[in-house]
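First comes the structure, then the notes that go with it.
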Ligand SMILES: [Zn+2]
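Given below as structure tokens:
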């Protein structure tokens with residue numbers, strides 16, 4: 001088996017000759033040391049003794065250099081083990097006679113196949129994702145707008161009644177405002193923050209059964225904790241006035257991490273709120289109007305408010321409360337009627 | 001039979017539970033001062049292992065630490081334990097979606113007296129909000145034995161449901177069971 005694997009790159013004859021040459025080299029080296037160890041033999045004259053020793057020593061050194069030269073010549077003939085083995089040197093692991101005891105080689109092969117597949121699938125997935133990028137915010141819209149000639153700059157139009165300084169247009173993208181002076185940038189940012197606060201406050205006042213707590217733990221982007229009656233709590237992560245992420249949890253569930261921050265990553269322990277979280281994420285994709293983000297936030301909150309009757313409203317289609325142990329978790333985007341996930345049209 | 005129906009529905013077994021109730025009479029020293037002898041119930045629920053519930057009939061419910069029991073032993077001059085009246089319910093917990101169902105056998109002394117069924121819908125904190133939903137769920141495995149709305153619901157209105165409300169219902173159920181031999185099935189929360 002070993003021959004079969006090695007043969008393409010290796011001259012087998014030269015190989016066996018080289019092994020013989022190594023043996024010859026070793027024996028000649030041994031002879032050198034034997035000669036040194038024995039020292040001068042007993043001869044009649046001192047001169048004769050010295051002559052005999054030097055001759056013997058010279059001869060043995062010559063044979064060493066001869067054998068070494070032969071080995072060097074042969075080693076060039078032997079050639080290198082094939083470089084184009086698919087697993088390179090690790091392929092040689094298969095030659096290990098201990099292979100039957102350690103599954104190292106087969107495991108290695110499997111890992112290799114697996115990582116190959118992973119790479120392939122990751123490539124496919126990234127291709128698909130690039131095709132279907134969800135352009136739901138003005139930020140991404142801005143990128144595509146640049147390709148169009150004379151595209152309107154992406155700006156958020158402040159309504160005049162917002163009670164702000166008369167700046168008709170407010171850049172919403174930090175990198176847009178980077179071009180201008182830093183003083184104006186800070187002023188713009190300040191205005192934007194006040195505008196977001198203002199929109200959220202107005203929504204908060206609009207719905208008495210809904211309380212909204214706004215916080216900015218990571219600088220400029222706001223996080224909302226929406227408490228709806230005694231039914232549920234929603235964590236809303238915003239980027240300026242665009243909603244990035246929502247998590248719905250039970251009224252009696254903890255929404256904070258151990259260090260007192262809003263926990264934006266863990267999901268609810270209850271199946272019903274996990275379902276509502278999914279639907280809320282769908283709603284974020286449904287309500288989009290990049291030029292009027294405040295309207296989007298208001299529509300989303302109006303839709304969310306319909307969950308106040310999550311446990312009280314029967315399904316509008318089958319008339320029942322439960323289906324597979326879950327209440328009607330879906331709310332129609334226009335009519336706000338309650339449906340089971342499987343009962344919606 | 002109930003367990004079978006629950007399992008058919010897709011509910012999964014999730015450990016065991018136990019609720020027990022001991023009855024205490026107020027001692028003569030107090031009742032002679034004009035008060036009528038009141039009954040006090042000291043209850044434990046395996047769902048809240050660190051707590052001990054002390055209830056008066058129609059009266060307040062006190063939630064204390066588990067070592068309340070030793071205090072009661074010290075107070076035996078005032079409260080006397082009616083040992084023969086100890087009643088308890090033990091059985092299996094089932095989980096189905098967000099529902100928690102506890103089916104238990106109620107025993108008083110050596111004899112089994114009936115079956116208790118506790119149904120809890122964990123995501124909802126207002127009992128009145130999810131009553132219809134609970135009814136529908138109970139009908140799915142209890143059929144005609146589905147109970148009518150428990151009395152605690154009437155007094156609760158929109159306040160948040162607490163473990164004490166469960167214990168009050170167990171107390172009422174145990175009292176009913178003491179009085180009559182044949183026992184109805186009771187739905188809780
Ligand atoms: Zn339905």
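Chains as they are written, first to last, in UniProt numbering: chain H, 1 to 345; chain E, 1 to 189. No residue lacks a Cβ here, since even glycine has one placed at the ideal position from N, Cα and C.
- In the structure shown, the three-state DSSP call for residue 60/E is coil.
- Within the same chain, Cβ atoms closer than 7 Å to the Cβ of residue 248/H are found at 232, 234, 268, 273, 276, 277 and 280, the five residues on either side in sequence being excluded.
- Contacts between residue 250/H and chain E, judged by CB atoms closer than 7 Å, involve 123 in chain order.
- For the stretch 150-168 of chain E, the set of residues with a beta-carbon nearer than 8 Å to any beta-carbon of chain H comprises 158 and 160, in chain order.
- Secondary structure of residue 340/H (DSSP, three-state): coil.
- Contact holds between the stretch 59-68 of chain H and the stretch 25-33 of chain H, because three or more Cβ pairs, one in each stretch, are under 8 Å apart.
- Contact with chain H is found for residue 133/E, since one of that chain's Cβ atoms lies less than 7 Å from the residue's Cβ.
- Taking non-hydrogen atoms of ligand 1 into account, the C-beta of residue 317/H is found less than 6 Å away from one of them.
- By alpha-carbon distance to residue 106/E, the top candidate from 60/E, 170/E, 74/E and 88/E is 88/E.
- From the listed residues 300/H, 294/H, 292/H and 186/H, the smallest Cα separation to residue 285/H is found for 300/H.
- When CB distances to chain H are screened at a threshold of 9 Å, not a single residue of the stretch 63-79 of chain E falls below it.
- Excluding sequence positions up to five before and after residue 150/E, its CB lies within less than 6 Å of the CB of 169, all in the same chain and listed in chain order.
- Annotation for residue 343/H indicates a beta carbon within 6 Å of some heavy atom of ligand 1.
- Listed along chain H is no residue with a C-beta nearer than 9 Å to that of residue 48/E; the closest approach is about 15 Å.
- With respect to residue 127/E, residue 153/E sits close: the two C-beta atoms are nearer than 7 Å.
- Chain-ordered, the chain E residues with CB closer than 7 Å to the CB of residue 311/H read 124, 129, 130 and 133.
- Remark: the C-beta of residue 340/H is in contact range of ligand 1, defined as less than 6 Å to any heavy atom.
- Around the beta carbon of residue 33/H, fewer than 16 other beta carbons lie within 10 angstroms, which makes this residue exposed.
- With the rule of 3 Cβ pairs closer than 8 Å, the stretch 199-208 of chain H counts as touching the stretch 290-306 of chain H.
- Within chain H, 325 have C-beta atoms less than 8 Å from the C-beta of residue 99/E, given in sequence order.
- Contact annotation for residue 304/H against chain E: no contact, minimum CB-CB distance about 16 Å [criterion: below 9 Å].
- Distance between residue 56/E and residue 167/E, taken at the CA atoms: about 11 Å.
- Taking a 10 Å sphere around the C-beta of residue 125/H, we find fewer than 16 other C-beta atoms and assign the residue as exposed.
- Residues of chain H whose Cβ lies closer than 7 Å to the Cβ of residue 136/E are, in chain order, 320, 321 and 322.
- The criterion of a C-beta distance shorter than 7 Å is satisfied by residue 315/H and residue 339/H.
- With 16 or more other Cβ atoms from the protein chains shown falling within 10 Å of its own Cβ, residue 293/H counts as buried.
- Nearest to residue 194/H by C-alpha distance, out of 221/H, 183/H, 289/H and 20/H, is 221/H.
- With a 10 Å radius around the Cβ and a threshold of 16 neighbouring Cβ atoms, residue 111/H comes out exposed.
- The distance from the Cβ of residue 43/E to that of residue 19/E is about 7 Å, consistent with a contact at the 8 Å cut-off.
- With a beta-carbon spacing of about 11 Å, residue 210/H and residue 224/H fall beyond the 8 Å limit used to define contacts.
- Taking the Cα positions, residue 325/H is about 30 Å away from residue 262/H.
- Per the coordinates, the alpha-carbon of residue 345/H lies some 25 Å from the alpha-carbon of residue 130/E.
- In this structure, residue 24/E lies away from residue 85/E, with their beta-carbon atoms at least 7 Å apart.
- The straight-line gap separating the alpha-carbon atoms of residue 46/H and residue 64/H is approximately 27 Å.
- Within chain H, 325 have C-beta atoms less than 9 Å from the C-beta of residue 96/E, given in sequence order.
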